[in-house]
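Per my numbering, the very first residue in the sequence shown carries number 156; after that it's consecutive.
Worksheet for the structure shown next.
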Amino acid sequence: MDISEKMTDRAVLVGIVGRGESEEAVQKSMDELERLLDTAGGEAIARLTQNKETPDPRTLIGSGKVAELAYICACNDATLVVFDCDLSPSQIRNIEDIVGDKVRVIDRSMLILDIFALHAVSGEGKLQVELAQLKYTAPRLVGHGADMSRLGGGIGTRGPGESKLESDRRHMRRRISALEEQIAEMDKNRTTMRAARDRSGIPKIAIVGYTNAGKSTLLNKMTDAGILAEDKLFATLDPTTRKYELPCGETVLLTDTVGFINKLPHHLISAFRSTLEEACYADILLIIIDASDPEYRARLEVTENLLGELGAGGKPTIYVFNKCDLGVAEFMGVGNKSASDNVVYISARTGQGLNLLVEKIEGFILDGKKRVVYNIPNSEAGALNLLYKNATVEEVEYGSEYITVTALADAKARGLMKKYAAEGYGEADDKEDWE
């Protein structure tokens with residue numbers, strides 16, 4: 156066979172219907188698992204489900220079902236088995252012993268990690284993926300046969316020494332430590348960049364949501380960012396930030412983020428925390444929802460739960476139902492909110508409804524804000540930092556006695572800075588705001 160010929164893994168997908176779960180819910184989860192497999196370059200040739208209230212500690216699905224799995228693999232020339240849940244190291248070994256050495260057994264988390272490795276572009280992204288893979292696979296490193304159990308103490312392997320398995324684990328621990336140090340250094344640089352954004356006073360908007368909801372397409376449409384936008388899961392791993400000027404003249408920072416998914420591996424959350432936390436530092440969240448997805452409510456619940464886990468819950472939020480050009484699954488809303496509140500319907504691909512989205516963003520940004528001119532004495536220049544933290548500074552002019560600043564300030568900021576307000580900016584309508 157030509158070496159250049161692409162090999163596609165033929166996979167059997169395995170799910171378990173546990174206590175309190177329905178067959179329908181498990182099949183929907185496996186539909187998503189099949190999409191993950193397709194993104195990774197594999198092909199699903201069969202599915203197998205097992206109804207089992209209590210998972211088998213040895214093989215998860217029971218020895219009889221594993222024997223059936225082995226038969227399906229043999230009849231279909233399968234090279235891969237993917238479980239739609241996490242497996243323990245011993246379960247992987249026990250299942251592989253039955254299905255045969257030619258068939259690899261992985262779980263949902265390992266598949267997601269593989270996709271992240273496939274799509275990582277930046278140096279930081281690649282390091283984060285490698286760290287997550289090592290942390291997840293290190294406890295699952297198990298030996299097969301003599302190759303992993305032979306001692307490495309010298310000629311004939313005589314004398315005390317360590318097994319190849321132990322040696323591999325030691326090297327993995329060393330690599331994990333090195334990766335954590337490199338990522339920590341990158342986190343410092345990211346923190347410095349965030350601090351610079353904070354000092355600029357420019358409002359920060361994070362585009363978040365379930366994977367493949369259209370986040371990157373939206374950023375491209377609004378800013379010509381030119382980032383990869385594919386109809387695949389996890390096409391974007393590295394956050395991208397672009398400036399966008401609203402019609403009112405206000406500038407905002409839009410940041411595309413890593414997509415969320417159900418059962419996102421905790422090692423990925425840990426490794427990618429610095430990038431996922433872009434949502435935590437945002438002033439406003441745009442939660443993008445695929446309006447054509449019948450499962451949009453479940454996807455939204457996953458998104459909001461992960462945002463809460465990251466500490467980004469409770470922020471001002473605009474719910475953006477995207478892909479409306481493909482048809483809307485049903486009448487949509489969020490709780491008792493409607494399009495008149497903080498919900499908007501768009502198509503990022505065609506541009507339909509973007510003007511309404513921009514209006515919503517403007518409303519959030521300018522809510523209660525007024526343009527004010529402040530004259531800050533040079534001797535009290537520290538007040539300028541206070542203004543940067545609490546308002547949007549548009550212009551700064553340094554004079555011999557005063558620093559003249561033009562800023563968009565809300566009621567709180569106007570109250571803090573009232574004594575510096577220039578004539579004509581400190582009376583009338585604003586008086587109530589300061590009291």
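Cβ atoms here follow ideal geometry from the backbone N, Cα and C, with glycine treated the same way.
For residue i: DSSP bridge partner residues
i    : result
N530 : T559
R259 : L235
Y291 : BP columns for Y291 are empty, so no partner.
K398 : L408
G170 : T204
I362 : D411, L441
Y553 : I558
L215 : D211
Endpoints, beta strand (DSSP E) assigned at residue i
i    : result
Y543 : Premise fails: Y543 lies in the alpha helix (DSSP H), 537-545, not in any beta strand (DSSP E).
Y580 : Careful: Y580 lies outside any beta strand (DSSP E) and carries neither H nor E.
G219 : Careful: G219 lies outside any beta strand (DSSP E), inside the alpha helix (DSSP H) at 218-230.
E198 : 198-206
N477 : 472-477
Residue from the options whose Cα sits closest to the Cα of residue i
i    : options                : result
Q288 : N530, N375, L374, M327 : M327
G364 : L373, P358, I357       : L373
I439 : E556, L521, E198       : L521
S117 : D232, P210, N344, E432 : This structure cannot speak to residue 117, because the chain is shown only from 156 to 590.
Y474 : V169, L481, F415, A446 : A446
L235 : E189, G280, P212       : E189
L282 : E335, D239, L455       : E335
I250 : Y451, H274, G219       : G219
G554 : S534, V548, K359       : S534
L286 : A166, Q337, T410, D448 : Q337
D241 : G579, G170, A201       : G170
G523 : E552, K376, S264, R569 : R569
A577 : K544, V527, V413, E198 : V527
F519 : N460, R504, E556, L401 : L401
N231 : I247, T204, A199       : A199
R454 : F415, A361, G255       : F415
P605 : F271, R213, C403, R397 : For the chain, the structure presents residues 156 to 590; residue 605 sits outside this window and is missing.
L509 : V457, D193, N375, S322 : N375
L431 : L224, R452, A361       : A361
L408 : A437, G369, D252, H422 : A437
K359 : H422, A229, T547, I558 : T547
T396 : T366, E178, E552, I357 : I357
D323 : E340, P294, K343       : P294
Test item: CB-CB of residue i and residue j under 8 Å
i    : j    : result
D269 : A180 : no
L541 : A562 : no
A536 : M572 : no
T472 : I442 : yes
H274 : F427 : no
P394 : D411 : yes
L168 : I267 : no
K398 : T406 : yes
K478 : N497 : no
E450 : K183 : yes
T204 : Q246 : no
Environment of residue i [buried if 16+ CB atoms lie within 10 Å]
i    : result
K567 : exposed
I310 : Note on I310: pLDDT 35, under 50, position unreliable in the model; the coordinate value appears next. Label assigned to I310: exposed.
T312 : Residue confidence is low: T312 scores 37 on pLDDT, short of 50, so the model does not pin down where it sits. No coordinate-derived value is stated.
A301 : In this prediction, A301 scores a pLDDT of 40, lower than 50, which makes its location untrustworthy; no coordinate-derived value is stated.
K574 : exposed
A653 : Absent from the model: residue 653. The displayed extent of the chain is 156 to 590, so no value can be given.
R325 : exposed
G197 : buried
R329 : exposed
A351 : exposed
C403 : exposed
R174 : exposed
M348 : exposed
A225 : buried
V276 : exposed
T346 : exposed
A166 : buried
T163 : exposed
A434 : buried
Terminal residues of the alpha helix (DSSP H) in which residue i lies
i    : result
N497 : Here N497 belongs to no alpha helix (DSSP H), and DSSP marks it neither H nor E.
A568 : 566-571
N417 : From DSSP, N417 is part of no alpha helix (DSSP H); its letter is neither H nor E.
Y451 : 451-465
Q182 : 178-194
N367 : That residue, N367, is in no alpha helix (DSSP H); it is neither H nor E in DSSP.
Q246 : 244-254
F427 : Here F427 belongs to no alpha helix (DSSP H), and DSSP marks it neither H nor E.
K515 : 509-521
is_contact[residue i, chain C] using C-beta, thresh 8 Å
i    : result
L509 : No chain C appears in this structure, which consists of one protein chain only.
beta-carbon residue i near the ligand FMN non-hydrogen atom, thresh 7 Å
i    : result
D323 : This structure lacks the ligand FMN, and indeed carries no ligand of any kind.
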